[in-house]
Amino acid sequence: MSACDDFKGLLMGLIDEELTPDETGRVHRHLKRCAACRREYEQLRETASKIGGVSYREPADEVLESLWNAPYSHYTRVSGIVLIIGGWAALILYILYEWIVRNSQGIFPKIGAAMMIVGFVILLFTAIRERIVKHKVDPYREVVR
Numbered sequence: 177m178s179a180c181d182d183f184k185g186l187l188m189g190l191i192d193e194e195l196t197p198d199e200t201g202r203v204h205r206h207l208k209r210c211a212a213c214r215r216e217y218e219q220l221r222e223t224a225s226k227i228g229g230v231s232y233r234e235p236a237d238e239v240l241e242s243l244w245n246a247p248y249s250h251y252t253r254v255s256g257i258v259l260i261i262g263g264w265a266a267l268i269l270y271i272l273y274e275w276i277v278r279n280s281q282g283i284f285p286k287i288g289a290a291m292m293i294v295g296f297v298i299l300l301f302t303a304i305r306e307r308i309v310k311h312k313v314d315p316y317r318e319v320v321r
């Protein structure tokens, strides 16, 4: 690993003024001696100045609230969740039916089905538990969307 490799990671920090005074001095001393790093530094500065000119206009709070509260958004979220849970439930019920009633499959499909069911239940309970725990300490829980 060359000395330049140590400094290339610091070039953007220098441009963004995120380096300590000691690091800034070390990088400047290296840039005085190394033409390749100086070229890369100038290219990064040029790119950063072009990117810095790009602006993003935030939508107004009323627009965000209308999107969040729009019936279409609500129904699509709910219908997506219902379809996913319904699909999993139907698949699990079918697997259980085939497993218990017909009992014609070998051991491999039964192990796969059991793993899928247990995994789904574990993920479901984990997600519910995490939501309950995070809700207690959520600093934004009182924010109305």
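Position 128 of the sequence shown, counted from 1, bears residue number 304 in this note's numbering, the numbering being contiguous throughout. Beta carbons are placed, not taken as given, at the ideal position from N, Cα and C, and that holds for glycine. Note that the structure is predicted; figures quoted are calculated from it, not measured.
Cα separation between Met177 and Thr223? Summary for Met177: the model assigns pLDDT 41, below 50, so the residue's position carries little reliability; its value from the coordinates is reported in the next sentence. Near 26 Å, if we compare the C-alpha coordinates of Thr223 and Met177.
What number of angstroms, rounded off, separates the C-alpha of Glu306 from the C-alpha of Gly282? 37 Å
Quick one: what's got a C-beta closer than 7 Å to Ala289's C-beta in the same chain, skipping five residues either side? Ile271, Trp275
Using the three-state DSSP reduction, which class does Tyr232 fall into: helix, strand or coil? coil
Start-to-end residues for the alpha helix (DSSP H) that takes in Cys180: 179–184
Below 8 Å between beta carbons: does that hold for Leu207 and Cys213? yes
In whole angstroms, what separates the C-alpha of Lys286 from that of Asp314? 41 Å
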